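Student: Below you will find the structure I want to go over with you.
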Amino acid sequence: MASSAAITATFCATLVDEWLACGVRHAVVSPGSRSTPMALAIANRTELQVHIFHDERSAAFAALGIGKASGVPAILLCTSGTAAVEFHPAVVEAHHAEVPVLVCTADRPPELQAVGAPQTIDQQNLYGVAVRKFINAEVADDAQAGSWRDLAQTAFVSTVGQRQGPVHLNLQFREPLVGEATELPQRNSAHSSISKPVPSVSPRQYKKLRKLLSSSQGLIVAGPENYSADSVIQLAESLGWPVLADPRSKVRVEHRLVIAAADAMLRDNKFAKLHTPEVVLRFGTPPASKVVNTWLANSGATQVVLTTTPTLVDPDRKCALHMQCEIDAICLELIESLAPQANTTWSSSWIQAEELAQVAINIALTNELKISEPAIARTIYASMPSNSHLVVSSSMPIRDVEWYGAPRSGLTVHANRGVNGIDGVVSTAVGVALATNEPTALLIGDVALLHDTNGLLNLNMRNLDLRIFVVDNNGGGIFSFLPQKTSLDETRFEKVFGTPHQVDIEALARAHNVSAQTIESLDDLVMAVAQRGLHLTRIVTNRDENVKVHDRIHQNVVAALRQANN
């Protein structure tokens, strides 16, 4: 048994070689000394796209974005100590959002643990339950060379399993850290690739599902999941049910049964009451809209949820049947076996309301004298080119896209909705752009941007088509919609919740060599969206006025629905 710099280098080279065979193509590395053996093994492979991020927190969210956009884990590497702790927020988001990441943290060897050695903490199970698996790899020795590929396999399989997520591989390295790899252990021809076992549905479950879907007054809620838009649309046509399509689902396409303005429509109490469904079939996670979710929870409808993973998101505890399945296959079976529904009045009423709502939203936004946050979201969503991506920050941007993004195709929407935080959003967008190499836009608020300004580090050197749009209302805009705004005096509200920052965002962007501009009109916004390459566009809005704009839009939609039904 022996350990040396050469053995350590060979061990790391073997891990990377095995992951390459499994399909890994990206590595995100933060600089450090203790991680040298793994960093060099990564840098030595031309098949890997290696992305250097100075800040570990930013690096982790970039790896999250790569996994989110591609479905393939990136290798995420840092040195020991607090550097590893900086990965934690992104690891938690990856855990809840079920995004694969190969998290590799360098560590000191056993003799330097618990003796006050610098940059040394207890890294065992550092991320707790937020990882699919924790592997504590001891200092490499040649006696264990036959197990190195198995170790890499175990990590990879754990991150891309039925329930994808992060895996933590803690790598103990002893000095000297720089060595040359020798011959690698032979590869097992049966190496893993990204393939999940297809969950089976029992005949009893399928029979129950068919019975529940026999209602003529049903509703489909299409959330983000692994399925095709065609499958859901065809099932909706067979059932005669409208589809409330989340923009993250890829189902928000131009089709008569697709409903995009549900949040505004359901603010009309009369419409909401008259359109109460008997059955709700949901794919994936719920929408962001509190209005829609509350209405569904209070509807009394039987709720069925289909997912491709074992995870059920059901905060209102209303799910009567949860099935883990291959969604496209189930949709096809249902289309072939269900009798077509005859209640065209039900779907026609929803279709008419959607048409009226979209017209009312357009009129309301046209009547606004200044550019508004709903108009910003609607315009960016509509104007990005086909085969492009839109990363949307939490708080108001994701809601504005969900509420006001009109149906279209060719746009993939991403958001960190596992834990719904606003941290790491810039870096997530960078990761999406790195993984896809396709036009990518980021819609983000000023506070979320400031949370992750390190995502701008070296961004001008990454050769990305990343169009950043910052809604600058000088603080936390979403709090103006919450009870805190009306229950506190203005001074206390501004200090604790409004949190104005007075940062010159254009100057901040230029300090990172990112071209920046401030615009004031929708025409200028359309031109900015069409501009290829890396740039930042700032749009100034007012938090108090923003609340009023939303109210005017909703009132316009409600008025249009009621006028049509009089």
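Its first residue numbered 1469, the sequence shown is counted upward by one per residue in the working numbering. Where is the CB? At the ideal position from N, CA and C, for every residue including glycine. Given the structure is predicted, the values throughout are model-derived calculations rather than measurements.
So what's Phe1602 in DSSP terms, helix, strand or just coil?
Tutor: In the structure shown, Phe1602 sits in a strand (DSSP, three-state: E or B).
Student: Taking C-beta to C-beta, are Val1997 and Arg1930 nearer than 9 Å?
Tutor: It is not a contact, given that the beta carbons lie outside the stated cut-off.
Student: Determine the DSSP secondary structure at Ile1890, reduced to helix, strand or coil.
Tutor: Three-state result, Ile1890: coil.
Student: Between the C-alpha atoms of Ala1608 and Gly1686, what's the straight-line distance to the nearest angstrom?
Tutor: Approximately 59 Å, taken between the alpha carbons.
Student: What's the call for Leu1780, buried or exposed, on a 16-neighbour Cβ count within 10 Å?
Tutor: Leu1780 comes out exposed.
Student: Can you say whether Met1469 is buried or exposed, counting buried as having 16 or more other CB atoms within 10 angstroms of its CB?
Tutor: For Met1469, the pLDDT reaches just 47, beneath the cut-off of 50, and the residue's location in the model is therefore unreliable, leaving the point undetermined.
Student: On a Cα-Cα basis, can you pick out the residue from Ala1975, Cys1480 and Leu1703 that is closest to Leu1725?
Tutor: Ranking the options by Cα distance to Leu1725, first place goes to Leu1703.
Student: Once DSSP output is grouped into helix, strand and coil, what is the label at Val1982?
Tutor: Coil, per DSSP.
Student: Does the structure place the stretch 1986 to 1995 close enough to the stretch 2003 to 2020 that three or more beta carbon pairs sit under 8 Å?
Tutor: A contact exists between the stretch 2003 to 2020 and the stretch 1986 to 1995.
Student: Taking 6 Å as the limit between beta carbons, can you name the residues of its chain near Val1772, skipping five residues before and five after?
Tutor: Answer for Val1772: Leu1680, Leu1749 and Leu1789, listed in chain order.
Student: Return the chain-ordered ranges of every alpha helix (DSSP H) run that is complete within the stretch 1540 to 1613 and spans a minimum of 4 residues.
Tutor: Within the stretch 1540 to 1613, the complete alpha helix (DSSP H) runs of at least 4 residues are 1550 to 1553 and 1556 to 1565.
Student: Pull up the CB-CB distance for Ala1552 and Gly1886, whole angstroms please, since I reckon it's below 8 Å.
Tutor: Their Cβ separation, rounded to whole angstroms, is 20 Å, which puts Ala1552 and Gly1886 out of contact at 8 Å.
Student: Measure the alpha-carbon distance for Thr1896 versus Asn2034 and round it to whole angstroms.
Tutor: For Thr1896 and Asn2034, the distance between alpha carbons rounds to 48 Å.
Student: Return the first residue and the last residue of the alpha helix (DSSP H) that Gln1702 is part of.
Tutor: Where Gln1702 is concerned, the enclosing alpha helix (DSSP H) stretches over Ala1697 to Leu1707.
Student: Going along the chain, which unbroken runs of the alpha helix (DSSP H) with 4 or more residues stay wholly within the stretch 1751 to 1781?
Tutor: Those alpha helix (DSSP H) runs which fall completely within the stretch 1751 to 1781 and span 4+ residues are 1758 to 1766.
Student: So what's Arg1885 in DSSP terms, helix, strand or just coil?
Tutor: Coil.
Student: Helix, strand or coil, according to DSSP, for Gly1491 in the structure here?
Tutor: Coil at Gly1491, not helix or strand.
Student: Starting from Arg2030, follow the alpha helix (DSSP H) in both directions and report where the run begins and ends.
Tutor: Element bounds for Arg2030: Arg2011 to Ala2032.
Student: Could you give the DSSP three-state label for Asn1638: helix, strand or coil?
Tutor: Strand, per DSSP.
Student: So, for Gln1517: in the same chain, excluding its five sequence neighbours on each side, which residues have a beta-carbon less than 8 Å away from its beta-carbon?
Tutor: Within the same chain, Gln1517 has close Cβ partners Arg1493, His1494, Ala1495 and Leu1902.
Student: Less than 7 Å between C-beta atoms, sequence neighbours within five positions excluded: which residues of the same chain meet that for Cys1456?
Tutor: Since the first and last residues shown for the chain are 1469 and 2034, residue 1456 lies out of range.
Student: Around the Cβ of Ile1831, are there at least 16 other Cβ atoms within 10 angstroms (buried) or fewer (exposed)?
Tutor: So Ile1831 ends up on the exposed side.
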